[in-house]
Every structure is written in C-alpha cells, then in structure tokens.
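Residue numbers (the working numbering), protein chains in the order written: chain L, 1 to 289; chain G, 290 to 628; chain C, 629 to 918.
Working notes, structure below.
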Amino acid sequence: MTAATTASAARPISSVRLPGLAILLVLASAAVMAGLVLLPLFVVFHDAFAKGVGKYLDSIRDPDAISAIKLTLLVASIAVPLNAVFGVAAAWCIAKFEFRGKSALLTLIDLPFSMSPVVSGLVWVLLFGAQGWFGTWLIDHDVKIIFATTGLVLATILVTFPFVARELIPLMQDQGADEESAALTLGAGGFTTFFRITLPNIRWALLYGVLLCNARAMGEFGAVSVVSGHIRGLTTTLPLHVEVLYNDYDFVGAFAAASLLASLGLITLVLKTGLEWRHAGELAANRRH
Amino acid sequence: MTKLLPSRRAMMAGAVAAAPFLAGKAFADTAPITLLNVSYDPTRELYKDINTAFAAYWKGKTGQVLDIKQSHGGSGKQARAVIDGLQADVVTLALAGDIDEISERAKLLPANWQSRLPNNSTPYTSTIVFLVRKGNPKAIRDWADLVKPGVGVITPNPKTSGGARWAYLAAFAYGSKQGGAAGGKDYITKLFKNVPVLGAGARDATTTFAQRNIGDVLLSWENEAFLTIDEFGPNFEIVYPSSSILAEPPVALLDKNVDRHKTRTVATGYLNFLYSPAAQELIGKHHYRPRNPAAAAKYASGLKNIPMVTIDQAFGGWKKATATHFAEGALFDQIYKPA
Amino acid sequence: MTAQAILASPTKARRRPWVQHSILPGFGLSLGITLAYLGVIVVLPLVALAIRPWELGPAGVFHALAAPRVLAALKLSFGLSALAALLNAPLGVLLAWTLTRYQFPGRRILDALVDLPFALPTAVAGIALTAIYAPNGALGALAAKVGIKTAYSPLGIFIALVFIGLPFVVRSLQPVLQELDHEVEEAATTLGANSLQRAVRVILPALGPSLISGISLAFARAVGEYGSVVFIAGNLPGKTEIAPLLIVIKLESYDYAGAAAVGLAMVAISFGSLVAINGLQLMLARRGRA
C-alpha cells in the first residue's frame with residue numbers, strides 16, 4: 001500500500017530553471033513535514049527523556065515493560081510469517097494462473113484494508129468470546145483464544161493480512177511465468193523451480209512486504225486492545241503498555257515505551273529506504289492502486 | 290572417547306532418576322499460584338500495595354508463592370471483558386451493577402453474590418467530589434456552580450466508566466432534590482452541556498484535566514482527587530459539594546473461574562484479606578474510606594463528612610438505575626440528542 | 629513430481645474447467661492455502677460480523693443504525709476522513725512534486741520520513757499529537773491564542789487523520805511524477821501564465837488516477853482509524869465521537885449486536901466507496917488512454 005515506489009530510488013530531474021519557485025516549494029514541503037510528521041516524533045523522544053536517561057532506562061527495564069516487549073515480538077513472529085506464507089501462496093496462484101473468480105479473490109484479499117482495527121478485534125470476540133459462536137465449546141475444552149496470545153495473534157494477522165500479498169502480486173504478474181516454464185521444461189521439479197527461480201526473483205519484494213507487515217503488526221493498537229484484557233505483564237503488548245503507563249500517570253514511562261516503538265518504526269524506514277535504493281527494479285511499482 | 294561412555298551413561302541415568310524429584314521440587318518452589326484480579330481504573334496504586342501485602346501474608350500462612358496479576362480499565366469495559374471470557378478469579382469493580390451483569394450474562398457467580406461478604410461485599414466506600422484548579426478561580430462551591438455558563442466540567446463517559454456513573458447519579462440526586470425527576474433530568478442536561486471532553490475512564494478524565502489543562506472542575510472519585518494532588522503537585526484543590534453519593538465499589542469471587550483454576554481457597558483468602566486491619570490501613574492510606582473503625586478513624590481527618598444519598602434509597606438499586614439512566618436510549622442517551 | 633506433473637497437468641486442467649491450462653505446478657496447493665487462510669482469517673469473521681446484528685431483527689438493525697448518535701458518529705468519521713483525504717491531495721502533490729523534481733540537501737531523508745505516519749504505531753501518534761495540540765501543547769497553545777480549539781474538537785480529529793493519510797497520497801503520486809515526460813516538466817518550471825496553465829492542464833489529468841487512488845487509500849485508512857484519534861478526540865456523543873469509538877462503547881455496554889451492526893455498516897460503506905473509487909479510477913485511466 002504505502003508500498004512504494006521506484007520513485008525515490010531514481011534520480012530526480014534537476015534541471016531547475018526557477019530556483020525561486022523551487023526553493024519555495026522545497027521550504028513548503030519541509031515545513032509540512034516538520035509540522036505534521038516530525039513534531040510528533042520529536043515529542044515522543046523529548047518526553048521520554050524528560051527526566052533524564054536514568055529514569056528512561058528504568059522504565060524500559062521494568063519487568064512489565066520487558067514482558068510487553070517479549071509479547072510484542074512473539075505476536076509479530078507468529079503473525080508475520082503466516083501472512084508471508086499466505087502472501088506467497090496467494091501471489092503464486094493469482095499471478096501465475098488464469099482462473100475464474102480471480103478478481104473476487106483479489107477483492108477479498110483487499111477487504112481487510114477497509115476494516116477498522118476495532119472491527120478487526122470485534123469479529124474475534126463475536127467468534128471466540130465467551131458469548132460468541134464458539135465460546136461455550138472453547139470454555140468446556142479449556143481453550144483460551146480471546147484475552148490470550150492466540151487472540152492477539154489473530155487480531156494482528158487480520159489487520160496486517162494484505163501487506164505481503166499486495167506487494168508480491170503485481171510484481172509476480174509483471175515477471176510472468178516464462179522463467180519457471182523454462183525450468184520445468186528442462187526437467188526441474190516444482191519445488192526446485194520455486195526455490196531456485198521464483199523466490200530469488202521476489203525475495204526483495206517479499207522482504208519489503210514483510211517489513212511493512214511487521215511494522216504494522218508490532219504497532220497495532222485498536223484491534224489488540226479489544227481482545228487483550230489488559231492483564232499487566234501477561235497480555236499487554238507494547239502499544240497497550242504505553243496506554244497502561246499513560247493511565248498510571250507515568251508519562252515518562254509511557255513515552256519511553258513509545259520511543260521504543262518509534263525507534264522500531266524508524267528502523268523499518270531505514271531498511272525500507274535501503275531496499276528501495278538498492279533493489280528498486282525488483283520491487284513492485286505500485287501499479288495496482 | 291570410549292572411556293567417557295560409562296560416565297556419560299551414569300550421568301544420564303542419574304538425571305533420569307532425579308528428574309521427577311527435581312520437577313516436583315521445582316514445581317513446589319518456583320511455579321507460583323496465579324491469581325487474576327480484574328479491577329476498575331483508579332485502584333492501580335491501591336492493589337499494587339495490597340497485592341504485595343497479601344502475597345507476603347499468604348506465603349507466611351501457607352508457604353504458597355503467589356503471582357497476582359492485575360488488569361485495570363473502565364468498570365464497564367472490565368465487566369465486558371470478564372463476560373467475554375477474561376479469566377478473572379476475583380473482580381473488584383466500581384459498582385455492583387457491573388458485577389450483576391457478569392452474574393446475569395455469563396453466570397460466573399450466583400445472583401446473591403453481594404450477600405456473601407460483609408458490608409454488601411464492599412470493603413471500603415468512597416464518594417464523588419470536585420477537583421478544581423488552585424485558588425478556585427471559577428468559585429465552584431456546589432453543584433449549582435457547575436451548570437453556570439463558561440464552566441468546563443470534566444467527567445468520563447458514564448457508559449463505560451463506573452466513577453462517571455456515580456458522579457452522574459450524585460448530580461442527578463442533587464437536581465431532583467430541587468425539582469423531582471424532571472429537575473434531575475434538567476440539571477443533568479445542563480451539566481453535560483458544560484462537558485467538553487468525555488473520557489473512557491476515570492484516568493482518562495484526570496489526565497485531560499490535570500495534564501492537558503482542560504476544564505475548570507473534574508468530577509472525581511474522592512481517592513482519585515487526593516491522588517491527583519499527590520501526582521500532579523499542589524496545583525489543585527478539592528471542593529466538597531453540599532451533598533454527594535455513597536459510592537460502594539464491591540468485590541466478588543467468580544465461582545466458575547476459581548473452580549476451573551482451582552484457586553478458590555486463595556481467592557477467598559484474598560477477598561477476606563481486604564477486610565483485615567492491614568488491608569484496611571492501606572485502603573485508608575490511599576484515600577478510600579475504610580470499613581474498619583480503627584483505620585477509618587486514623588484517616589478521617591482528611592475526608593469530609595457530607596450528606597450522601599445511596600443507590601438503593603435514591604435510585605432503587607443498580608438494576609433500576611441502569612435501565613432508567615444508562616441503558617441504550619435511556620436518559621443519558623437522550624441528553625445527547627442533537628438539539 | 630516433474631515429468632508426471634507436466635504429463636498430468638492437462639488432465640488436471642480438464643478436471644478443473646475454470647482454470648486455464650498451465651504447465652506450472654502448485655496451483656491446487658497455492659490456491660488451497662490461499663482459500664483456507666482467507667477463509668479462517670477473513671471470511672469466517674466477516675460472516676460472524678454480518679450475521680450477529682440480525683438477532684435484533686431487521687427493524688432492530690435499522691433502529692440501531694438510525695439512532696441519531698450512531699448517524700452522527702458515522703457522519704463525523706466519514707465526513708472528516710473525506711475532508712482529511714482531500715487536504716492530503718494538495719499536500720501530497722506538493723511533497724511528491726518536490727521530492728521527485730528537485731535535488732536538495734536532505735531530500736532522501738525527507739523522502740524516507742514521508743512513511744513515518746505509517747510506521748509510527750497509532751497509539752504513539754495519538755498520544756504525541758494530543759501532547760502537541762492540547763491547549764498547553766506547543767501548537768495547541770498557539771492556536772488557542774487566536775481562539776482556535778484544536779485537540780478535543782473535530783479539528784483535532786482532522787489533524788490526526790491528515791497525519792495518517794499523508795503517506796498514501798505521496799506514495800501514489802511519486803511514480804507517476806517520475807515518469808511524466810520532460811516537456812511537462814519544462815512547462816512547469818518556466819514562468820508565464822500560459823505555460824503554467826498548460827502544465828496544469830497536462831499534469832493534472834496525468835496525475836488524476838493515481839491521485840484518486842491515493843486519496844481513496846488515505847480515506848479508507850482514516851475512516852477506521854482508532855488509536856491515533858481516540859486520544860485527541862473529545863469523544864462527545866454527536867460532536868466528537870468517532871464511529872470506531874462508538875463500536876467500542878457499544879461493545880462495553882454488552883450490546884454485541886449493536887456493535888456488530890455499526891461495524892458492518894462501516895465495512896460496507898468504506899468497502900463500497902473503495903470499489904466505487906476504483907471504478908472511477910479505471911474510467912479515468914481509460915479516458916486518459918483514449
């Protein structure tokens with residue numbers, strides 16, 4: 001989606017004949033970015049260190065913070081690979097084959113983009129909550145989904161569902177099936193062909209999709225908030241921990257946890273930009289939207 | 290290499306033999322019993338202290354190590370989570386109506402739960418007071434001052450916050466004292482016209498008032514008002530109105546859950562502990578009103594005695610109050626009908 | 629697998645008349661994984677969402693959605709999201725244009741940072757924006773001086789929605805601007821009303837489809853947004869209560885069917901508008917080509 005673009009990688013056209021206008025536009029852009037985008041980032045780090053580095057480190061080393069970090073990593077490490085496998089499978093059948101119902105399938109894959117995160121959490125409550133469709137059965141069999149890690153994973157998966165698929169489908173459609181066909185004709189096996197031909201062709205786009213998916217997975221708030229139960233040190237992910245601390249009036253702690261998440265976002269941006277510079281040709285130009 | 294083999298085998302054998310013993314010992318020593326207390330918003334600091342005290346008490350009494358987990362949030366939100374399957378052993382919520390909902394909808398405890406512990410299962414009481422800015426610049430002394438033009442009132446949403454329900458009912462009781470039910474409705478309507486931000490829970494509202502500097506008066510739990518002064522510094526003053534409501538935040542054991550977790554003994558012990566002198570002392574320290582006379586007397590100086598209506602006497606109990614005021618389309622929704 | 633697969637595929641294709649024959653293997657496996665996963669993660673929950681409201685009966689669902697408070701929340705969410713997406717159009721064109729057309733120090737950093745609203749967790753953005761735009765915050769204090777209320781007003785929600793929508797528009801426009809031909813670029817950089825007019829006349833139609841798709845993505849994201857909005861909105865019913873918050877409040881009042889009804893309506897409206905916008909975009913693209 002924000003999946004971007006060869007644009008930033010290519011060289012800008014620098015034949016600027018009107019420096020006045022150019023400078024004006026650049027300054028205007030910088031002002032928009034500073035006021036709208038950079039200021040929140042600055043506030044997060046400023047407030048996190050408002051009472052010094054010591055207090056900041058204390059907040060991050062707090063056992064509840066550590067367990068929130070661990071839980072966030074755990075949830076992402078389940079949700080992201082699952083969505084990646086799905087993305088590859090979906091891209092494979094959609095990009096390499098012609099079949100009826102394909103556009104319906106594409107539409108369904110895009111559908112989670114038009115769901116509010118709150119709805120993405122609510123649906124799991126409707127299914128697996130004690131008052132939901134499978135609630136009684138789950139309780140009788142002592143299976144915990146909602147208010148446990150599984151529920152957090154499900155909500156996260158639904159929110160980040162289309163990222164990898166949306167990144168791979170246009171790229172694989174562009175690449176066509178010629179290379180794979182050649183390999184198969186030469187006698188290579190199906191899986192060999194996939195791992196030797198297809199995967200190397202899509203690896204950077206796959207990584208790109210995984211990055212976006214991961215950033216969203218670790219930062220998700222609305223959906224997990226509905227299914228978390230907010231048990232300290234047990235079912236609070238890092239974004240929820242931010243809220244908990246905020247409500248504890250521990251503003252330094254809240255912003256310290258937030259700064260971890262913001263750093264994660266920044267790392268994602270660095271990696272993403274790196275991918276765009278080095279492998280622009282192998283990423284999907286976002287043609288489909 | 291070959292020489293190593295026998296010793297390795299011996300070690301293996303030893304390990305295998307020791308395993309059940311080690312596992313058993315490890316289990317007794319390091320696997321603590323987990324207890325989940327699902328509570329409302331402003332009790333975070335209170336239960337932090339009580340949990341530490343109870344864990345020490347319980348270890349001394351039984352040798353069992355406890356790991357008490359807490360979840361906090363708006364009272365209605367927390368009850369919803371328990372109804373949806375949040376595996377709480379005990380709930381300590383802002384009002385009996387929310388525990389009634391758990392009993393009714395999820396059948397986790399009997400309908401007569403409130404008679405199982407002393408004092409209607411409420412180990413402490415509290416009330417609703419006004420928190421104003423230093424020097425009380427808008428001269429807010431009583432409920433009548435809240436509906437004056439230009440006064441910003443901060444309170445959470447009564448749909449999701451227990452404290453807000455108590456505050457709403459205290460306000461309604463004041464209004465109806467002036468002019469019956471119509472007076473109550475009239476007063477409430479005017480009051481909420483002066484509310485610029487409606488938080489989800491008590492903490493939300495306090496942050497808006499104290500940290501973001503919005504509004505002139507916060508309708509607050511008494512304990513939360515004192516805590517705000519402790520946390521945010523002396524920029525605030527507490528004002529006791531001429532009358533308020535006796536807030537009774539109850540506690541209950543969720544039978545079905547404790548039986549599933551095999552935690553009935555410790556959960557019962559936990560709730561009984563709330564009535565013990567040690568816990569009552571902590572309750573008083575955190576500016577709640579203890580039931581225990583000694584603790585109450587010790588902390589009485591800070592808390593003013595004002596006339597208080599009760600939920601049963603003024604509103605006929607929570608069931609009726611919820612249906613009249615907070616249910617879908619009831620009085621609170623009618624206030625917000627666009628003019 | 630190899631030889632057999634190739635040999636077997638024609639028969640397989642005949643067994644599945646809805647699939648065009650291909651010598652590539654793995655169609656069954658990949659489609660199977662796709663459908664199974666899609667079924668569990670998307671379809672099953674959606675079915676639950678679609679069925680749950682009807683326990684109220686058709687009249688009950690209508691009543692739940694037609695309540696003034698619900699209508700006001702939906703209007704607020706969709707209206708402000710549309711406005712925010714529309715403001716993102718000029719901001720996005722400005723940023724995309726500058727980033728693709730001019731070489732200046734810090735350009736790449738600025739370019740990378742465009743995605744920050746996407747990469748920053750929503751709750752973090754919400755708390756930070758509230759701190760900035762509250763009456764005692766850096767920008768909120770400035771606005772308060774001239775008598776404008778930012779945080780806890782529709783304007784505050786609007787700012788949060790502009791924030792989260794920005795990357796979508798910029799990223800949709802950049803590739804197109806990159807490919808726009810040089811003549812347009814010259815026209816744009818030469819002064820003179822005529823060439824500027826020409827530039828507008830040439831550039832805007834070329835940008836049209838991707839601008840629309842960027843706006844629609846920003847809109848879809850904004851409509852459902854919860855974390856970054858809930859802290860800065862005043863949450864007053866009928867005034868600053870957004871639809872996702874209303875869903876949460878209904879859920880917390882044990883009104884599962886009502887919560888599902890509002891959720892379903894939101895999904896239907898935002899999905900419907902995405903489909904409609906896609907149609908519009910296709911139409912524009914065709915006309916552009918013709």
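Even glycine gets a Cβ: it sits at the ideal position worked out from N, Cα and C.
As assigned by DSSP and simplified to three states, the class of Asn326(G): Taking the second sequence and counting its residues from 1, one reaches residue 326(G) at position 37. Of the three classes helix, strand and coil, the one that applies to Asn326(G) here is strand, per DSSP.
Rounded straight-line distance, which links the Cα of Ala619(G) to that of Ala256(L): Translated into the one-based positions of the first sequence, residue 256(L) becomes position 256. Translated into the one-based positions of the second sequence, residue 619(G) becomes position 330. Their backbone Cα atoms lie some 42 Å apart in a straight line.
Contact set between the stretch 98-115 of chain L and chain C, restricted to residues whose Cβ is under 9 Å from the partner: Glu98, Phe99, Arg100, Gly101, Leu105, Thr107, Leu108, Ile109, Asp110, Leu111, Pro112, Phe113, Ser114 and Met115
Spatially closest choice to Leu789(C) from Gly734(C), Ile776(C), Leu722(C) and Leu845(C), by CA coordinates: As a working note, residue 789(C) is residue 161 in the third sequence. For the residues Gly734(C), Ile776(C), Leu722(C) and Leu845(C), the minimum Cα distance to Leu789(C) belongs to Leu845(C).
Pro696(C) to Val270(L) span [Cα, whole Å]: Here residue 696(C) refers to the residue found at position 68 of the third sequence. Here residue 270(L) refers to the residue found at position 270 of the first sequence. Distance between the alpha carbons of Pro696(C) and Val270(L): 46 Å.
Proximity of Asn502(G) and Ala762(C) at Cβ, strictly below 8 Å: What you label residue 502(G) is simply residue 213 of the second sequence in a count that begins at 1. What you label residue 762(C) is simply residue 134 of the third sequence in a count that begins at 1. A contact, by the Cβ cut-off of 8 Å.
Bounding residues of the beta strand (DSSP E) (the contiguous stretch that carries Val421(G)): One-based indexing of the second sequence puts residue 421(G) at position 132. Val421(G) -> beta strand (DSSP E) spans Tyr413 to Arg422.
Residues near Pro523(G) by beta carbon distance below 8 Å, same chain, minus five either side: Against the second sequence, residue 523(G) aligns to sequence position 234. Closer than 8 Å at the Cβ level, and outside the excluded window around Pro523(G), lie Lys423.
Secondary structure of Ser650(C), DSSP reduced to three states: Taking the third sequence and counting its residues from 1, the one referred to as residue 650(C) is at position 22. Looking at Ser650(C) - three-state DSSP - the assignment turns out to be coil, as it is neither helix nor strand.
Environment of Gly281(L) [buried if 16+ CB atoms lie within 10 Å]: Residue numbering aside, residue 281(L) sits at position 281 when the first sequence is read from its first letter. Classification of Gly281(L): exposed, given that the 10 Å Cβ count is below 16.
Nonlocal neighbours in the same chain, by C-beta distance under 7 Å from Lys55(L), ignoring five residues either side: One-based indexing of the first sequence puts residue 55(L) at position 55. Excluding residues within five positions, the ones whose Cβ falls inside 7 Å are Val252.
Neighbourhood of Leu715(C) by C-beta, 7 Å cutoff - its chain only, sequence neighbours within 5 removed: Numbered from 1 along the third sequence, position 87 holds the residue referred to as residue 715(C). Closer than 7 Å at Cβ, skipping near neighbours: Val790.
Under 7 Å by beta carbon: chain L residues contacting Gly362(G): In the second sequence, counting from the first residue as 1, residue 362(G) sits at position 73. Ordered by position in chain L, the residues that pass the 7 Å Cβ test against Gly362(G) are His230.
Spatial distance of Leu874(C) from Gly222(L) (CA atoms): As a first step, residue 874(C) is located in the third sequence; it is residue number 246 there, counting from the start. As a first step, residue 222(L) is located in the first sequence; it is residue number 222 there, counting from the start. Roughly 13 Å between the two C-alpha positions.
Cutoff 8 Å: Ile291(L) Cβ touching any chain C Cβ: In the structure displayed, chain L extends from 1 to 289; residue 291(L) sits before or after that span and is not available.
Spatial distance of Thr444(G) from Leu892(C) (CA atoms): Taking the second sequence and counting its residues from 1, the one referred to as residue 444(G) is at position 155. Taking the third sequence and counting its residues from 1, the one referred to as residue 892(C) is at position 264. Roughly 30 Å separates the two Cα atoms.
Burial state of Thr554(G), where buried means 16 or more other Cβ atoms lie within 10 Å: Taking the second sequence and counting its residues from 1, the one referred to as residue 554(G) is at position 265. So Thr554(G) ends up on the exposed side.
Assigned exposure category for Ala694(C) - 16 Cβ within 10 Å defines buried: On the third sequence, residue 694(C) is found 66 positions in, with the first residue counted as 1. Result: exposed.
Beta-carbon proximity of Gly490(G) to Asp330(G), cut-off 8 Å: Within the second sequence, the letter at position 201 stands for residue 490(G). Within the second sequence, the letter at position 41 stands for residue 330(G). Cβ distance < 8 Å, so Gly490(G) and Asp330(G) count as in contact.
Contact set for Leu240(L): own chain, Cβ-Cβ below 8 Å, skip 5 residues either direction: Along the first sequence, read from residue 1 onward, the residue named residue 240(L) stands at position 240. Ala68, Phe221, Val224, Ser225, Ser228 and His230, listed in sequence order.
Rounded Cβ spacing between Val421(G) and Glu526(G) (contact assumed at less than 8 Å): Here residue 421(G) refers to the residue found at position 132 when the second sequence is read from its first residue. Here residue 526(G) refers to the residue found at position 237 when the second sequence is read from its first residue. Indeed, because the Cβ distance is near 5 Å, the residues count as touching under 8 Å.
Neighbour flag for Pro782(C) against chain G, beta carbons, 8 Å: Translated into positions along the third sequence, residue 782(C) becomes position 154. Closer than 8 Å: no.
Against chain C: residues of the stretch 122-145 of chain L by CB proximity under 9 Å: Leu122, Val123, Trp124, Val125, Leu126, Leu127, Gly129, Gln131, Gly132 and Trp133
Buried/exposed call for Pro645(C), threshold 16 Cβ in 10 Å: What you label residue 645(C) is simply residue 17 of the third sequence in a count that begins at 1. Answer is exposed; the Cβ neighbour count stays below 16.
Range of the contiguous alpha helix (DSSP H) that encloses Leu240(L): Here residue 240(L) refers to the residue found at position 240 when the first sequence is read from its first residue. Segment Leu238 to Asn247, the alpha helix (DSSP H) holding Leu240(L).
7 Å Cβ cut-off: residues of chain L touching Ala365(G): Here residue 365(G) refers to the residue found at position 76 when the second sequence is read from its first residue. First, the residue type needs correcting, since residue 365(G) is Gly and not Ala in the sequence shown. Simply none; closest approach about 14 Å.
Closer than 8 Å to chain C by CB, Tyr246(L): Position 246 of the first sequence, counted from the start, is the residue given in the question as residue 246(L). For Tyr246(L), the answer is yes, since a Cβ of chain C falls inside 8 Å of its Cβ.
Between the CA atoms of Ala756(C) and Leu39(L) - distance to the nearest angstrom: Walking along the first sequence from the start, residue 39(L) turns up at place 39. Walking along the third sequence from the start, residue 756(C) turns up at place 128. Going from the Cα of Leu39(L) to the Cα of Ala756(C) covers about 8 Å.
Glu526(G) (DSSP reduced to helix, strand or coil): Translated into positions along the second sequence, residue 526(G) becomes position 237. Strand at Glu526(G).
Sufficient close CB pairs (3 or more, under 8 Å) joining the stretch 135-142 of chain L to the stretch 68-87 of chain L: no
Beta-carbon proximity list for Pro321(G), same chain, < 7 Å, skipping 5 on both sides: To locate residue 321(G), count along the second sequence from 1; it is residue 32. Answer for Pro321(G): Val354, Leu355 and Asp356, listed in chain order.
Interface residues of the stretch 211-241 of chain L facing chain G [CB-CB below 7 Å]: Gly229, His230, Ile231, Arg232, Gly233 and Leu234
Any C-beta of chain L under 8 Å from that of Leu543(G): Residue 543(G) sits at position 254 when you count from the first residue of the second sequence. Leu543(G) does not count as touching chain L.
Bridge-paired residues (DSSP) for Ile624(G): Reading the second sequence from its first residue, position 335 is the one you call residue 624(G). Paired residue(s): none; Ile624(G) is not in a bridge.
Residue of Ala759(C), Tyr882(C), Lys703(C) and Gly842(C) minimising C-alpha distance to Glu617(G): Position 328 of the second sequence holds residue 617(G). Among Ala759(C), Tyr882(C), Lys703(C) and Gly842(C), the Cα nearest to that of Glu617(G) belongs to Tyr882(C).
Local conformation of Asp548(G) per DSSP, three classes: As a working note, residue 548(G) is residue 259 in the second sequence. Three-state result, Asp548(G): helix.
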